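Engineer:
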Amino acid sequence: MRPPRNSVLFVLLAGLCLAQSSSQYVTSEIRRVGDKLACLCGACKNTVATCQMLECHYSLPARQRIAKMQKDATSDAAIVGEFVKREGKKALAEPPNEGFGVLALATPVIAVGLGLGLIGLFIRRYRKPNSVPAMSDEEVRKYQDQIDKEFSKLD
Amino acid sequence: MENIGALAILLAFCLSIFSIVASLVGAWKQKQFLIVSAERAVICMWALVTTASGLLIYALMTGDYRLAYVAAHSNKAMPMIYKFSAWWGGQEGSLLMWNFILATYALVVVLQNRRKHRALMPYVTATMMVTQGFFLMLIAFSVPPFQVLSTGGKAIVDVGDGQGLNPLLQYWTMVIHPPILYLGYVGYIVPFAFALGSLITRQKGDEWIFTTRRWAIVTWLFQGTGILLGAGWAYSVLGWGGYWGWDPVENASFLPWLTSTAFLHSVTMQEKKGMMKVWNLVLVASTFFLCIFGTFLTRSGIVSSVHAFAQSPIGPYFVAFLAITIAITILLILSRLDYLKSESPLESVVSRESSFLFNNLILLASCFAILWGTLFPVISEAIAGEKISVDAPWFNRVNVPIGLALLFLTGVGPLLAWRRSTPDNLKRNFLWPTVAMVATIGILVAMGISHFYALLSLGLCSFVTWTIVSEFWKGTMAIMQKDALGFIPAVIALTHRNTRRYGGYIVHMGIVLMFIGFSGAAFNKDTTVEAKVGEKFPLGRYELKVTEIKTGQNENFIWQNAVIEATIDGKPFTTLTPERRIYEKSQQPVSMVAIKRQLNEDLYINFAGMGSGSQQPTIQAYVFPLVSWIWLGYWILLFGSLICLVPAKVKMQYARTEVVGVSTKHAPATK
């Protein structure tokens with residue numbers, strides 16, 4: 004290990020401290036609400052609850068706001084509503100079950116349905132009618148001989 | 038040097054255009070010299086692209102800070118290996134690498150087929166060169182890698198030292214992750230080019246399938262390896278403890294892997310039964326287009342992602358390229374429908390053939406759902422005027438059931454007979470795997486596990502494992518009896534007889550192990566604490582104690598780490614040293630997490646920093662059960678894929694069989 008030489012960087016390292024007690028906003032109560040809200044930092048696809056950057060410029064203030072509203076006995080739905088009022092629907096971690104948001108979940112389901120329909124059409128089109136002629140013992144023996152002959156050639 | 042590099046790219050672009058024209062005119066006018074000339078142009082083009090790549094690497098390694106790219110992505114303090122990997126650390130360099138890999142693939146295809154597939158080759162060459170020409174155009178005119186720094190467009194400036202590679206990319210998996218992923222992405226051009234060539238020339242039979250089968254497996258393997266390396270990097274470097282975050286760029290790499298997996302399954306139907314010819318072409322084309330689309334997503338700035346390159350003007354070019362090539366492919370397929378007719382009928386819904394249909398449906402459903410979720414914020418903003426977020430919870434909600442359905446089909450496929458399965462056959466084959474599944478779920482419930490998806494997933498893993506093991510068991514027993522071999526030689530002989538089938542089963546086993554790893558996520562534990570040095574805090578069965586905080590530096594960065602002792606029931610277990618770094622040039626802080634990897638669970642610790650008020654270390658500690666099974670599963674998957682590439686001992690000939698009649702003894706009674 005080399006001795007420290009760049010005092011400017013060490014000052015920077017010391018300066019990059021976490022905001023006081025940012026870890027205190029990682030409680031199960033805050034997570035319960037934070038799970039319904041998207042982290043809008045632009046760097047992750049996590050929720051406010053699961054964003055692991057303690058100093059995230061979006062999720063930390065969001066968690067602090069949730070904590071404050073919970074202290075004021077605001078219900079979970081009202082807290083989420085407050086976020087939506089401020090940020091729009093993008094504040095939600097999952098599309099809402101109303102308006103255009105319904106399409107988010109409905110479209111893949113419809114697509115699977117269409118896929119099943121296509122498979123049905125394929126089966127209807129290419130399925131051979133289940134009728135094959137009965138063969139005499141002599142014909143069967145002929146095929147059996149051919150099978151035996153081909154099997155003996157395998158190895 | 039920069040002039041030679043730029044000139045090499047420009048000449049390579051001209052040669053790709055020449056190659057396209059010469060191939061197509063040569064094929065049209067039946068002029069062999071033009072076709073050969075086009076192929077030689079490919080060789081020259083490769084030499085030029087290699088020269089340009091070599092020059093950029095040389096500039097990065099020697100620190101030619103007159104070049105804007107070198108100044109932005111390299112610096113003197115970086116270790117040599119990261120100076121090399123800076124080649125693909127930025128937009129311009131990574132596009133040059135893309136061109137180099139594509140040129141190398143084109144070279145290999147041309148050299149391999151000097152005497153084979155002569156009717157196909159002009160179109161194969163033209164298809165590959167159209168793509169090559171497009172990517173060369175980007176680096177020749179839009180994002181040139183050899184641009185020099187200048188003052189007011191006049192004097193060239195040498196800044197003396199560069200900014201350095203993004204610190205997050207200075208990690209060993211990042212040295213190999215992008216090239217391996219690109220080998221997958223770019224490699225899909227080869228099956229696509231042969232498919233298109235076959236379509237244009239109306240080739241009889243399935244020549245393009247046999248020719249490109251190995252290419253498809255190899256590129257699929259590269260793509261899968263690249264994705265897993267990316268997951269490993271996210272797990273070990275990003276510090277959020279996840280290996281998959283449903284980030285748009287992660288999704289973009291996963292989409293072509295899903296469609297190519299579907300292709301590798303459905304192609305068996307074409308080989309064995311002459312069915313699904315149109316579908317296979319659609320899958321090959323979709324895979325290629327999704328690769329281009331993924332590149333567009335990563336580089337255009339259309340979606341925000343931590344992985345994306347900086348916004349650049351190349352997005353519209355990609356849209357135009359995709360629109361034109363998709364339109365041409367659709368027109369070609371539609372004009373050749375008569376020649377793509379299925380050769381065999383489907384005899385029964387309960388058959389191996391049907392299981393392939395459903396497997397394809399599930400894979401494509403997953404692909405569509407991920408694509409839809411990735412683009413939904415953009416679509417909602419464009420149509421409804423309001424951006425709607427689609428984050429990890431949505432992707433998990435949609436993809437977990439799809440993934441489990443796929444796992445179920447992985448087990449069901451081998452239990453169904455080709456052509457038709459009788460009720461007796463079904464009862465016999467499904468009994469023990471189902472018993473294994475129910476028993477596993479029962480044991481897990483008795484152990485107190487109640488998470489529905491975890492139970493189902495682990496139960497299905499047991500179901501699939503049973504089917505795979507029994508397939509090997511039955512075959513091995515038959516060979517042991519027939520050839521008087523020991524168990525291990527019989528397993529080897531069995532696998533060697535049909536490498537694709539048994540290699541495929543091993544790949545499935547790898548997937549099962551991965552699903553075991555994914556299931557562990559249901560039982561993650563974590564805690565975030567500000568702990569005084571010497572203070573203990575619990576996490577699961579562990580007790581953790583910060584014993585020391587150390588600080589130091591090297592030429593590239595300064596660091597601060599926390600020495601953390603972990604004990605179980607008071608007994609020393611391990612010491613972990615998570616670290617925080619600040620890179621000198623970029624002054625960007627980066628966390629280097631410490632992980633104690635075990636088969637049952639990983640102890641994962643991130644040193645988030647020092648609390649400003651308390652000056653106490655803030656520690657994020659996690660227990661991630663079963664994560665190691667994901668990486669273990671990859672090694673099994675790799676092994677299975679390599680076996681698939683080994684030529685089988687018994688040459689498989691898939692005669693297009695049909696039932697000509699049944700013995701009167703077994704014929705159904707007629708009225």
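From first to last, the protein sequence lines are chains A and B. For what it's worth, the numbering used here labels the leading residue of the first sequence as 4, then goes sequentially. For what it's worth, the numbering used here labels the leading residue of the second sequence as 38, then goes sequentially. Beta carbons: idealized from backbone N, C-alpha and C, even for Gly. For clarity, every value in this text was computed on a predicted model and none was experimentally measured.
Verify the CB distance criterion: does T296 of chain B have a CB-CB separation below 7 Å to chain A?
Structural biologist: Not one chain A Cβ lies under 7 Å of T296 of chain B.
Engineer: By alpha-carbon positions, which one of B:I529, B:P215, B:T248, B:I226 ends up nearest to M134 of chain B?
Structural biologist: Closest by alpha carbon: B:P215.
Engineer: What is the residue span of the alpha helix (DSSP H) that K686 of chain B lies within?
Structural biologist: That residue, K686 of chain B, is in no alpha helix (DSSP H); it is neither H nor E in DSSP.
Engineer: Start and end of the alpha helix (DSSP H) containing A80 of chain A?
Structural biologist: It spans 79-90 - the alpha helix (DSSP H) in which A80 of chain A sits, taken as one unbroken run.
Engineer: As a quick exercise: from B:T256, B:V107, B:V286, pick the residue whose alpha carbon is nearest that of N203 of chain B.
Structural biologist: For the residues B:T256, B:V107, B:V286, the minimum Cα distance to N203 of chain B belongs to B:V107.
Engineer: Within the stretch 66-146 of chain B, note down every full alpha helix (DSSP H) run reaching 4 residues or more, in order along the chain.
Structural biologist: DSSP runs (the alpha helix (DSSP H)) wholly in the stretch 66-146 of chain B: 69-99, 105-110, 117-122.
Engineer: Going by C-alpha distance, which of B:M117, B:A49, B:M517, B:S349 is nearest A89 of chain B?
Structural biologist: Measuring from the Cα of A89 of chain B, the nearest candidate turns out to be B:A49.
Engineer: With L104 of chain B and F183 of chain B assumed to form a contact (beta carbons below 8 Å), what rounded beta-carbon distance in angstroms separates them?
Structural biologist: So it is a contact: roughly 6 Å between Cβ atoms.
Engineer: Only counting the same chain, and skipping five residues up and downstream in sequence, which positions put a Cβ closer than 8 Å to that of S403 of chain B?
Structural biologist: Closer than 8 Å at Cβ, skipping near neighbours: L295, N436, I439, G440, L443.
Engineer: Residues in the stretch 399-421 of chain B with C-beta within 8 Å of chain A's C-beta atoms, listed in sequence order?
Structural biologist: Per Cβ criterion, the list reads L401, A402, F405, A406, W409, G410, F413, P414, S417, I420, A421.
Engineer: Measuring alpha carbon to alpha carbon, tell me which of A:A46, A:D38, A:P98 ends up nearest I69 of chain A.
Structural biologist: Checking every option, the nearest Cα to that of I69 of chain A belongs to A:D38.
Engineer: Please work out which residues of its chain come closer than 8 Å, Cβ to Cβ, to F676 of chain B, disregarding the five sequence neighbours upstream and downstream, and give them in chain order.
Structural biologist: These residues qualify, in order along the chain: I543, G547.
Engineer: Tell me the start and end of each unbroken beta strand (DSSP E) in the stretch 592-660 of chain B that is at least 3 residues and wholly inside, in chain order.
Structural biologist: Counting only runs of 3 or more, we get 594-605, 608-613, 616-620, 626-629, 631-633, 638-647.
Engineer: Using a Cβ-Cβ distance cut-off of 7 Å, determine whether R130 of chain A contacts chain E.
Structural biologist: Looking at the structure shown, chain E is missing, and the protein chains on hand are A and B.
Engineer: Measure how close the beta-carbons of I525 of chain B and G496 of chain B come, nearest whole angstrom, since I'm counting them as under 8 Å.
Structural biologist: In fact, because the Cβ distance is near 30 Å, the residues do not count as touching under 8 Å.
Engineer: Quick check: does the Cβ of R537 of chain B come within less than 6 Å of any heavy atom belonging to the ligand GDP?
Structural biologist: You won't find the ligand GDP in this model; it holds no ligand whatsoever.
Engineer: Would you mind stating whether E572 of chain B and T584 of chain B have Cβ atoms separated by less than 7 Å?
Structural biologist: Not a contact, by the Cβ cut-off of 7 Å.
Engineer: Figure out for me which residue from B:R617, B:G607, B:T162 has the closest Cα to the Cα of T588 of chain B.
Structural biologist: Nearest option by C-alpha distance: B:R617.
Engineer: Compare the C-beta of V600 of chain B with all C-beta atoms of chain A and state if any pair is closer than 7 Å.
Structural biologist: Not an interface residue.
Engineer: Any C-beta of chain B sitting closer than 7 Å to the C-beta of N49 of chain A?
Structural biologist: Yes, because at least one Cβ of chain B sits closer than 7 Å to the Cβ of N49 of chain A.
Engineer: Counting only Cβ-Cβ distances shorter than 8 Å, please list the residues of the stretch 634-646 of chain B near chain A, keeping chain order.
Structural biologist: If the cut-off is 8 Å between Cβ atoms, the stretch 634-646 of chain B has N643, A645, G646 near chain A.
Engineer: Using the three-state DSSP reduction, which class does G589 of chain B fall into: helix, strand or coil?
Structural biologist: In the structure shown, G589 of chain B sits in a strand (DSSP, three-state: E or B).
Engineer: Check for me: the alpha helix (DSSP H) holding P430 of chain B runs from which residue to which?
Structural biologist: Element bounds for P430 of chain B: 429-449.
Engineer: Shorter than 7 Å from the beta carbon of V105 of chain A to some beta carbon of chain B?
Structural biologist: No, its Cβ sits nowhere closer than 7 Å to a Cβ of chain B.
Engineer: Per DSSP, what kind of secondary structure is F101 of chain A in: helix, strand or coil?
Structural biologist: The displayed chain sequence assigns Glu, not Phe, to residue 101 of chain A. E101 of chain A falls in the coil class under three-state DSSP.
Engineer: Given this structure, state the Cα-to-Cα distance separating Y376 of chain B from L368 of chain B, to the nearest angstrom.
Structural biologist: Those two C-alpha atoms are separated by around 14 Å.
Engineer: Here's the rule: buried if 16 or more other CB atoms are within 10 angstroms of the residue's CB, otherwise exposed. What is T256 of chain B?
Structural biologist: Label assigned to T256 of chain B: buried.
Engineer: If you reduce the DSSP assignment to three classes, tell me which class Y579 of chain B lands in.
Structural biologist: Of the three classes helix, strand and coil, the one that applies to Y579 of chain B here is strand, per DSSP.
Engineer: Expressed to the nearest angstrom, what Euclidean distance is found between the alpha-carbon atoms of I656 of chain B and R66 of chain A?
Structural biologist: Distance between the alpha carbons of I656 of chain B and R66 of chain A: 18 Å.
Engineer: Applying a beta-carbon distance threshold of less than 9 Å, which residues of chain B neighbour I126 of chain A?
Structural biologist: Under the 9 Å cutoff, chain B gives L383, V386, S391, L394.
Engineer: Use the C-beta contact count for L117 of chain A: other C-beta atoms within 10 angstroms, 16 or more gives buried, fewer gives exposed.
Structural biologist: Exposed, because fewer than 16 other Cβ atoms sit within 10 Å of the Cβ of L117 of chain A.
Engineer: When DSSP builds the beta bridges, which residues end up paired with K519 of chain B?
Structural biologist: K519 of chain B pairs with nothing; no bridge assigned.
Engineer: Figure out for me which residue from B:A123, B:F413, B:K153, B:T471 has the closest Cα to the Cα of G91 of chain B.
Structural biologist: For G91 of chain B, the nearest C-alpha among the options comes from B:A123.
Engineer: May I have the straight-line CA-CA distance separating V194 of chain B from Q200 of chain B, to the nearest angstrom?
Structural biologist: So the alpha carbons of these two residues sit roughly 15 Å apart.
Engineer: Check the Cβ-Cβ distances between G123 of chain A and every residue of chain B, and say whether any is below 7 Å.
Structural biologist: Not one chain B Cβ lies under 7 Å of G123 of chain A.
Engineer: Counting only C-beta atoms, is G282 of chain B closer than 7 Å to chain A at any point?
Structural biologist: Yes, G282 of chain B lies at the interface with chain A (some Cβ there is under 7 Å from its Cβ).
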